[in-house]
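Novice:
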Amino acid sequence: MSQVKDEQYVRMTETPVSKLIISLGIPTIISMLVTSIYNMADTYFVGTIGTSASGATGVVFGLMAILQAFGFMYGHGAGSNIAIRLGNHEENSARIFSATSFWLSIVTGIVICMTGMAFMTPLMRLMGSTDTILPYACTYAFYILIAGPAMTSGCVMNNILRYEGKAFYAMIGLTSGGILNIFLDYLMVRVLQLGIGGAGLATCISQYVSMVILMIPYLRKQTISSFHVRYIAKTAKPYQRIIANGMPSLCRQGLNSASTMVLNTSAAAFGDPAVAAISIVNRIVNFLFCVAVGIGQGFQPVSSFNHGARLHSRVKAGFFFAMKLGAVLLLGLAVFAYFNAAALVTFFRDDGLVISIGQRALRAQSISLIMTPITLYANMLFQSIGSSRKATFLAALRSGLVLIPVVFTMTKLFGLDGLVISQAISEVISALITIPFIVTYFLHMPEDGMEYNN
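In the working numbering, the protein residues as written are 1210 to 1663.
(1) Measuring only the C-alpha atoms, how far is Met1241 from Val1365?
(2) Kindly list the residues whose CB is nearer than 7 Å to the CB of Gln1212, restricted to its own chain and excluding five residues on each side of it in sequence; keep chain order.
(3) What three-state label does DSSP hand Glu1636 in the structure shown?
(4) So, with DSSP's three-state summary, where would you put Glu1656?
(5) Assign His1521 to one of three DSSP states: helix, strand, or coil.
(6) Would DSSP call Val1611 helix, strand or coil?
(7) If the criterion is Cβ atoms closer than 8 Å, does the pair Thr1723 and Phe1514 meet it?
(8) Are Tyr1352 and Gly1387 touching if we call contact CB-CB under 8 Å?
(9) Grouping DSSP H, G and I as helix and E and B as strand, with all else coil, what is Pro1225?
(10) Round the Cβ separation of Ile1452 and Phe1557 to the nearest angstrom and send it over; I've been treating them as touching at under 8 Å.
(11) In the structure shown, what three-state DSSP assignment does Ser1338 receive?
(12) Find the nearest neighbour of Leu1625 within the set Thr1474, Arg1523, Val1320, judged by alpha-carbon distance.
(13) Output the distance between the C-alpha atoms of Phe1281 and Asn1368, rounded to the nearest integer angstrom.
(14) What does the Cβ neighbour count give for Ser1434, buried or exposed, with the cut at 16 atoms within 10 Å?
(15) On the three-state DSSP scale, how would you describe Gln1212?
(16) Please state whether the Cβ-Cβ distance between Ile1634 and Met1619 is less than 8 Å.
(17) What's the call for Phe1623, buried or exposed, on a 16-neighbour Cβ count within 10 Å?
(18) If you reduce the DSSP assignment to three classes, tell me which class Glu1373 lands in.
(19) Quick one: residues in its chain with C-beta nearer than 6 Å to the C-beta of Tyr1160, no 5 flanking neighbours on either side, listed in chain order?
(20) Note down the Cα distance separating Met1210 from Val1226, rounded to an integer number of angstroms.
(21) Whose C-alpha, out of Ala1543, Ile1644, Ile1487, Val1502, is nearest the C-alpha of Leu1562?
(22) Taking just the CA atoms, how far does Leu1401 sit from Leu1606?
(23) Rounded to whole angstroms, what's the CA-CA distance from Gly1264 to Ile1405? Just pull it up for me.
(24) Buried or exposed for Ile1638, please, with buried defined as at least 16 other CB atoms from any protein chain shown within 10 angstroms of its CB.
(25) Determine the DSSP secondary structure at Lys1443, reduced to helix, strand or coil.
(26) Hey, does Ser1639 have any beta-carbon neighbour from chain C nearer than 8 Å?
(27) With respect to the alpha helix (DSSP H) encompassing His1298, which residues constitute its N-terminal and C-terminal limits?
(28) Between the alpha carbons of Arg1519 and Ile1493, how many angstroms are there, rounded?
(29) Is His1285 helix, strand or coil when you go by DSSP?
(30) At the level of alpha carbons, what is the spacing between Val1537 and Ser1522?
(31) Looking only at C-alpha atoms, which of Met1589, Val1484, Glu1656 sits nearest to Pro1457?
(32) Mind checking which residues open and close the alpha helix (DSSP H) that includes Gln1402?
(33) Entirely within the segment 1312-1356 and at least 4 residues each: give me those alpha helix (DSSP H) ranges in chain order.
(34) Roughly how many angstroms lie between the CA atoms of Leu1610 and Arg1429, to the nearest whole one?
(35) In three-state DSSP terms, what is Gln1431?
This is the structure:
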């Protein structure tokens, strides 16, 4: 274990940041792309059932975002603390954060499952379900709720592995579950004809399989972190630090859920095709967005570890490398999506109205996609170094503080045309607000070896 710790420290503090971010980012990008693909597989196979069923996947996506919000809060909250402490050679303290966050995620997943089951119908209506979508949404949500503990704990294990610099193990766990989900979608929806319930069951099974695979490195002691109950925090301070550092993730994912509700509710006024179109476009954009998120998640452990080691110049170099790489890759993806918008939407649902609405929404979001790295990486930077207030504010900007009022305003003023461009407008506004935070941080960044005052 001592040799593992020494090797890890040297790797995270001496490897060129560009090489390190790419080595950590590529497995994360792959795992996130596969995860996004199996989410789109649900959308694709459910889309063969009907437009209302296709809309149900978008409605339940808000519920999945709630589960992921808590999972990412505990995962990022513990992960950044773990990386900072490993950078400062405080291994036992790191284990307290890992065990505490893991068991918090299990308990939270169970509570959300039980609460959701008790209030299923009102919850689905709150998420934006119409009367025709409701039966499909309730069936699909039943299995997602059962998968709740696996989703929340999987987020924790995945993020801790990344923050320890072991992104490859995280990739194996997520991609295995994703590939299994795609196979089970085909088996249960196409072969066994189980409808939307089959798609939900496929997701549920794959989430638990992924959870088990992610546990293996911890059980085999290939990590410094541990989930043994003896490391669960006995004092309030670790819980406070997990929540404080994880709050940007909770805010980001939680507001994503709220934004999904607002988008679905606004789209419902224009019928099920509008709900289905917005759902499909968001799945496509999330797939493209995975590339940017993967690079950022490759940057985060580098930032946290070197911040803990007080090597601030490496944090700065890593941030700007991630920005340049993310911008170039997203530009290429945005151009592709813009000129193939109709074909991409048609792949998921061959319905004239869905295609017409979806094509316009996808083109608008493609234009604004180049702005994504500004807000995303600034949020990840501040979260990784423990500046939770700034990170939380920036996360809230893109996920809801700007998006929700823009959706309401644009829809009220311009109807459906306003709705389809509202997410793109929100992206641009959020980026412009973020830029001063980035400039201020780097102007006041301390020299290597000095303490940074949050």
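Every residue, glycine too, gets a C-beta built ideally from N, C-alpha and C.
Specialist: Based on what the coordinates show:
(1) 15 Å
(2) Residue placement at Gln1212 is flagged as unreliable, the pLDDT there being 47, under the threshold of 50; a coordinate-derived value is accordingly withheld.
(3) helix
(4) If DSSP states are grouped into helix, strand and coil, Glu1656 belongs with coil.
(5) helix
(6) Correct three-state label for Val1611: coil.
(7) Residue numbering for the chain in the displayed model covers 1210 to 1663; residue 1723 lies beyond these limits and cannot be assessed.
(8) no
(9) coil
(10) The Cβ separation is near 37 Å, so there is no contact.
(11) coil
(12) Thr1474
(13) 8 Å
(14) That one is buried.
(15) Unreliable positioning characterises Gln1212 in this predicted model, as indicated by a pLDDT of 47, which lies under 50. A coordinate reading is not provided.
(16) It is a contact, given that the beta carbons lie within the stated cut-off.
(17) exposed
(18) coil
(19) Since the displayed the chain opens at 1210 and closes at 1663, residue 1160 lies outside it and no answer follows.
(20) Confidence at Met1210 is low in this model, with a pLDDT of 49, below 50, so its placement is unreliable and the value that follows should be read with caution. Looking at the two C-alpha atoms, the distance is approximately 25 Å.
(21) Of the candidates Ala1543, Ile1644, Ile1487, Val1502, the one whose C-alpha sits nearest the C-alpha of Leu1562 is Ile1487.
(22) 44 Å
(23) 11 Å
(24) buried
(25) coil
(26) Absent from the structure: chain C. Only one protein chain is present.
(27) From DSSP, His1298 is part of no alpha helix (DSSP H); its letter is neither H nor E.
(28) Roughly 39 Å separates the two Cα atoms.
(29) helix
(30) 23 Å
(31) Met1589
(32) Premise fails: Gln1402 is in no alpha helix (DSSP H) and is neither H nor E.
(33) 1329-1335, 1343-1355
(34) 43 Å
(35) coil
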